[in-house]
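Chains as they are written, first to last, in the working numbering: chain A, 1 to 490; chain B, 1 to 490. Encoded as C-alpha cells, the structure appears first; notes follow it.
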C-alpha cells in the first residue's frame, strides 16, 4: 500500500522582524494611545484613520525605478498592475487624505491618527518592522504658532503618560537656520552640503572635536576605521561649529549666538526670528526651557522638513544591552513640511506636526518600572464533577454579572492539581471549589490565592498564620465573599 | 533653454476597496472595541496582538501553488524569497501564536484580539478590503462548555454596544449534525456532499421549496438563469429538508426533530447531544431562546469548523440600497475548529471562538440612529491682531488646563469671516474675540455659537430672543464663563 504523501508542517514563527504582544503589553499600549488621544482631542485635533495600504505612487519617495519598489517599504503589485504598499508612517497618508478630501475638510485641518506602520528594514534589538505611531498635525497653517502649539502638545502628552517634568526635554531647531549657516559658508556644491548635514547629525555622538575633524581632514573612528572628512578648512568649518555650540540655558543667548552663526543670510535670519517667536509663544503659555528648549544640534529628518523641527528626548539614564549607562534618547519628533501636499495638488500647503513613537515610550516607562506589572487573573471556578458543569457555569455567570472577572476551568478536569496550577499561572486571586459533599450541604470552598501566595512567601508572619487561606462559605454568599477578598467593598 | 522635465503628479486616491474614516467614525469604533474588550476581559480572556504580517506558510489555505499566492490575500515575496501576507482574519494567526508559544502559555489559553484584517477580494457597496475584527477564543478546551460560554459572551457583547435584547439572536448549530444527515443519506461522493452543503447554505435565501428544487432537478433563478440541481430524488432529499426545517420555538422539540433527521448516524447523535448540553448550560446561566437558539439552518464556514457553529444576527429590518426592507443579518460568527493548531504541531488541540465584525455592527447602529451623531468642536479663540498671538495662545492654554477643548485659529487671520466660518464648520460651541479695544478694557467678546445656531433655527422663541448670543465678559472670567456655556457646572 502506498504511503499517504505528507505535506510538511508549516513553521509556527512570526516573520523576521515582527513579534507578538501579550496581555499587559497590549493593554498598556491601548491605555497610552487613549491618554495621548485625549490630549490631542483637547487641543482641538480630530480623529482620522486611513488604511494600512496605500498606492506606492501616493506614498511617494519610493517610486518604482526598479522592478520592485521595496526599498524601505513592503510593496506588491495588485491585479491592476499598480504597486501598493504598507504605509511607513502616518504623515505621507495624511498628505494624500488632505489632497483627496480638501474640499470637504475645514482649513486649517487638524487631525490626529494612531496605528501601526511598517518598515522593510533590517530588524535589530528593540527595532521591529511593525510599530505604532501616534501623530497630530495641522495642515494649512503657515503661522509658527502652529509649531509652538505642537511643542506644548508634545510636553503635555509626555507628562500625561507618566514622564514627569525634568525627565524629558522638547528640543526645537529650525531648518532655515541650518540653511542660513550653509549659505553663509558659501557652500553651493550639493554633495558637500549633504556631507556637512550628515556631519552635523553626528554631533550628539562625536561632540565638537569630532565634528571639527569630520568637517576637515577626517577622523579615526572608535572601531579603528578612518572616516574621510568633508575637506573644509578650519575657517570654513567655523560657522558650523558656532551654530552647533550656540545652545545656552538662556534662550535669548542661544538666539544671539545663532544670529552670529548665520551672518548675513536672509533665510537664516528668518529662521532665527521664527525660533524667537516660538519661544515667546511658549513662554506665554507657561512652557519654559525646563520643558522646551531651542537647541541647534537637532537636525532631524534631512528629508521633507522645511522650517521648525522638534524632538522629544527622555533625559534619564538607562543601561544598554552591554550594561553601559546611556540616555534613553528620542521618543517623538516632527516639524514643518510645507511641500508634501503640493506633490498632489501643485499648490503649496503649509503643514506641521509631530509623531510619537509609542512603542519606544512604552519601553522607556517599562525601563523605569512605571508600567509592566502583571495583571490579576480571573476568579477560577474549578470543576470537581464534570456532569455538574451547569452549576459551575451558573457561578461564573453570577460573578460576571456582579462585574467580577471569572471563568470556569475549561481544560480537562480529571487532574485537580492541574486546575490549581492553571489558576496560579493565570494569577487568579480566588479559586472556588464545589464537590458533591459541598453541593449537598449548600456550601462552596474558597481558596484565597492572594493570601496563599503571601503565606508561601513569608509564613512566619503571625497575622497571616491566623487566617486560613481556604475555608467554607454558604453557596449564597459567593459573590459577596469574592468581592470582599478582591477588596471591592473597601 | 531646455524646459525642466516634470514628473507627473501622483493621484490623491485611496487604493481601490479601501477608505478613510473621519472623526466620530474613528472614535465610535474605538469606543465599541473598548466596550467589547471589557466584556471579553470579564470573561477571563487575555489580550493578544500579533502583527498584520504573517508568512503565507503560517496563514495556510493560500499555499503557493501558483507564481503568486494572492488568492484572497495580499501577498509579496520578501528578501529571503519567502511569501509574506497580510492576515485575512485573527484565527489563523492565533493558531500560529499558540503553536509557537505553547510552552509558556496557560492551558487552556484564552485570548482576545482586535484589529484590522485584509482581504484581496472584489470590493462592493459596504464591503472593504480592510476591516476590523474583534475575536475571543479558547484554545485547549474540548468541553462544549467552552462553546456555550462563547454564545453567552456574544450576547453580552451585543447588548453592551447598544443592541437591545429582542433585536438580536445568537443561532447555534453543529457541523456534526450536518455530517450525520449526510451520512444518513448515504452520500459518499465528495462532489455531491459539497453540492448539498452549498445548497443548505442557500436555505435563508430560497426557502424550503427552493432547496427542494436545488437538491433535485434544479431551479429557475430570479434572474431568469437556470441553476442545475444536485440530482437527488425527493426521497433522498428528505433528510436534508427534515434537518433544515427542524427548528422550533421549544429547544426540546428542535432537538427531537434533529434526532429524527440524523437517523442512525453516530456522529449525528453526538452532535445533537452537544447541542442539548449547550442549551442546558446556557439555561443555567440565564440565557434562554429569546437570546440564543438552536437553529439548524446555520451552516457557516464550510471551511475549518468541526463542531458547534454560531452566528449572531440582528433581527430588525433596515432598507437596502434599493429601498427594500430586509433584515440586517449577521454581525458575528464562530465555532469550534479542532485542527488549526494541529497543522503546526501534529497534535490536535481543540479550540473554539467567535469573531465580531465590528464595522458591520457599527453600520447597524448607525442605521438605527443609535450612533453617528456629530461631535462638538473646540472653543475657537479668533485672531484679531496677528501680533498678539501670544495673548490668544495664553487663552487657549488656560482653557485647556481647565479641561476644555480649545484652539487658536491658526489659518490666515486676515479675513475675520473665514475665522467664524471655520468655527461653524468645526461645530465649535464658542468663539472668543479680543480686539485692541477689548484688550485695552480688559474684556473679551464671547460668541455663543450653540445659542446662535438655535436662534437661527427658530428665531421666534421668546426665551432665546431675550438672550444675546454675543456679549462681553471680563478677560479674567473667560474659563468660568466658557465652562458655564458648555454646561460643565450644571
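C-beta: ideal position from N, C-alpha, C; glycine also.
Strand pairing of residue i, partner residues [DSSP]
i                     : result
residue 447 (chain A) : A:431, A:470
residue 133 (chain A) : A:115, A:357
residue 170 (chain A) : A:292, A:312
residue 273 (chain A) : None, per the DSSP bridge assignment.
residue 127 (chain A) : A:124
residue 228 (chain B) : B:218
residue 46 (chain B)  : B:111
residue 317 (chain B) : B:327
residue 334 (chain A) : A:310, A:354
residue 53 (chain B)  : B:86
Buried versus exposed call for residue i [16 or more other C-beta atoms within 10 Å across all chains shown]
i                     : result
residue 233 (chain A) : exposed
residue 315 (chain B) : exposed
residue 425 (chain A) : exposed
residue 488 (chain A) : exposed
residue 409 (chain B) : buried
residue 217 (chain A) : exposed
residue 164 (chain A) : exposed
residue 98 (chain A)  : buried
residue 470 (chain A) : exposed
residue 226 (chain B) : exposed
residue 252 (chain B) : exposed
residue 179 (chain B) : buried
residue 188 (chain B) : exposed
Reduced DSSP secondary structure (H/G/I, E/B, other) of residue i
i                     : result
residue 252 (chain B) : helix
residue 39 (chain B)  : helix
residue 110 (chain B) : strand
residue 243 (chain A) : helix
residue 208 (chain B) : helix
residue 138 (chain A) : strand
residue 404 (chain A) : coil
residue 479 (chain B) : helix
residue 21 (chain A)  : strand
residue 62 (chain B)  : Residue placement at residue 62 (chain B) is flagged as unreliable, the pLDDT there being 43, under the threshold of 50; a coordinate-derived value is accordingly withheld.
residue 306 (chain A) : coil
residue 348 (chain A) : coil
residue 342 (chain B) : helix
residue 299 (chain B) : coil
residue 32 (chain B)  : helix
residue 74 (chain B)  : coil
residue 161 (chain A) : coil
residue 380 (chain B) : strand
Reference residue i, options the options, closest by Cα
i                     : options                    : result
residue 223 (chain B) : B:237, B:235, B:236, B:206 : B:206
residue 74 (chain A)  : A:118, A:94, A:101, A:57   : A:118
residue 183 (chain B) : B:124, B:108, B:243, B:226 : B:243
residue 113 (chain A) : B:26, B:434, B:401         : B:26
residue 283 (chain B) : A:204, A:393, A:124        : A:393
residue 341 (chain B) : A:245, A:7, A:12           : A:12
residue 412 (chain A) : B:427, B:351, B:248        : B:351
residue 231 (chain B) : B:191, B:247, B:264        : B:191
residue 430 (chain A) : A:40, A:100, A:420, A:436  : A:420
residue 174 (chain A) : A:295, A:331, A:263        : A:295
residue 45 (chain B)  : B:139, B:166, B:92, B:77   : B:139
residue 439 (chain B) : B:418, B:347, B:395        : B:395
residue 345 (chain A) : A:28, A:41, A:58, A:7      : A:58
residue 385 (chain B) : B:265, B:437, B:335        : B:437
Beta carbon of residue i nearer than 8 Å to that of residue j
i                     : j                     : result
residue 10 (chain B)  : residue 54 (chain A)  : no
residue 241 (chain A) : residue 208 (chain A) : yes
residue 483 (chain A) : residue 442 (chain A) : no
residue 201 (chain B) : residue 293 (chain B) : no
residue 48 (chain A)  : residue 22 (chain B)  : yes
residue 28 (chain A)  : residue 318 (chain A) : no
residue 170 (chain A) : residue 328 (chain A) : no
residue 391 (chain B) : residue 434 (chain B) : yes
residue 130 (chain A) : residue 108 (chain A) : no
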